[in-house]
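Note that the working numbering has the sequence shown beginning at 2, numbered continuously upward.
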Amino acid sequence: MKRLYSASATVEGGRQGRVASSDGVLDLDLAMPEGLGGPGGPGTNPEQLFAAGYAACFESAIRLVARQEKVDVAGASVTANVDIGQPPDGGFALEAELIGRMPTLSRAEAEKIMEKAHRICPYSKATQGNMPVRLRVEE
2 MKRLYSASAT VEGGRQGRVA SSDGVLDLDL AMPEGLGGPG GPGTNPEQLF
52 AAGYAACFES AIRLVARQEK VDVAGASVTA NVDIGQPPDG GFALEAELIG
102 RMPTLSRAEA EKIMEKAHRI CPYSKATQGN MPVRLRVEE
C-alpha cells in the first residue's frame, strides 16, 4: 500500500484514562460507559471515537462518489451508530449503522450513492467481514 497519511494516538489508563494524538490536536479524557459497568461521566469512549471517524470517512466517500457521478449532495450528512455487545461465542463485538441524509436526492439515488461509498470507504473496507454494518437512508 502506498501510504498517504499516518495517524497516531496514545492511551494511558484504558477506558478510564486519556487519549492524545501525536500532534496534540486530539487530547481527551476517557470514561467507561455505565452500560459497560463503568461510572459514565464526561469523558468519551472508543465507540464514540470510532463512530466519529467512521461517519466522517463515510460522508467523505459519499462526496467523492457524488463528484464522480456529477450528482449534487449539498447538505449531506452521515450519522454512525456504533453498538458494543457480547456475541454468543463470548468476548465483545461491534455493530454499526450508517444513516445517510442527502436532501437533494431521491431515496433510490441516495441508496445507490451509499452503496458505492460503502465499497470505497476505508472504514467500510476495514470492517467488511469483521462486523455487521447496516446502511440506511433517512429523509
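Think of the CB as a built atom: it goes at the ideal place given N, C-alpha and C, for glycine as much as any other residue.
*Taking only runs of the beta strand (DSSP E) that begin and end inside the region 24-90, which ones reach a length of at least 3 residues, in chain order?*
If we require 3 residues or more, the beta strand (DSSP E) runs fully inside the region 24-90 come out as 28-30 and 78-86.
- Hey, quick one: how far does the beta strand (DSSP E) through A10 stretch, first residue to last? Note, A10: beta strand (DSSP E), A10 to E13.
* Asked: According to DSSP, which residues form a beta bridge with S22?
  -> According to DSSP, residue pairing for S22 in a beta bridge involves A10.
(request) Please say whether E98 and R64 have beta carbons closer to each other than 8 Å? (result) A distance of 8 Å or more separates the beta carbons of R64 and E98.
Beta bridge counterpart(s) of R135 as assigned by DSSP
DSSP output for R135 lists E98 as bridge partner(s).
- prompt: CA-CA distance, S7 and I114?
  reply: Cα atoms of S7 and I114: separation of roughly 27 Å, rounded to the nearest angstrom.
*Residue nearest to F59 in terms of C-alpha spacing, selected from L31, I100 and P88*: Of the candidates L31, I100 and P88, the one whose C-alpha sits nearest the C-alpha of F59 is I100.
Evaluate S23 with the Cβ neighbour count: other Cβ atoms within 10 Å of its Cβ, from every protein chain shown; 16 or more gives buried, anything less gives exposed.
With fewer than 16 Cβ atoms within 10 Å of its Cβ, S23 is classed as exposed.
| field | Residues near R108 in its chain [Cβ-Cβ closer than 8 Å; skip 5 each side] | value | Taking C-beta separations shorter than 8 Å and ignoring five residues to either side along the sequence, the partners of R108 in its chain run V138 and E140, following chain order.
- Task: Look at the alpha carbon of A144 and the alpha carbon of G91, and state the distance between them as a whole number of angstroms.
- Result: Examination of residue 144 is not possible in this model, given that the chain is present from 2 through 140 alone.
Discussion item. At the level of alpha carbons, what is the spacing between Q129 and V66?
Written reply: Roughly 19 Å between the two C-alpha positions.
Among S125, P89, P133 and N131, which residue has its Cα nearest to the Cα of G54? Closest option to G54, Cα to Cα, is S125.
* **Limits of the alpha helix (DSSP H) - the one that E110 falls within** => In this chain, the alpha helix (DSSP H) harbouring E110 covers R108 to I121.
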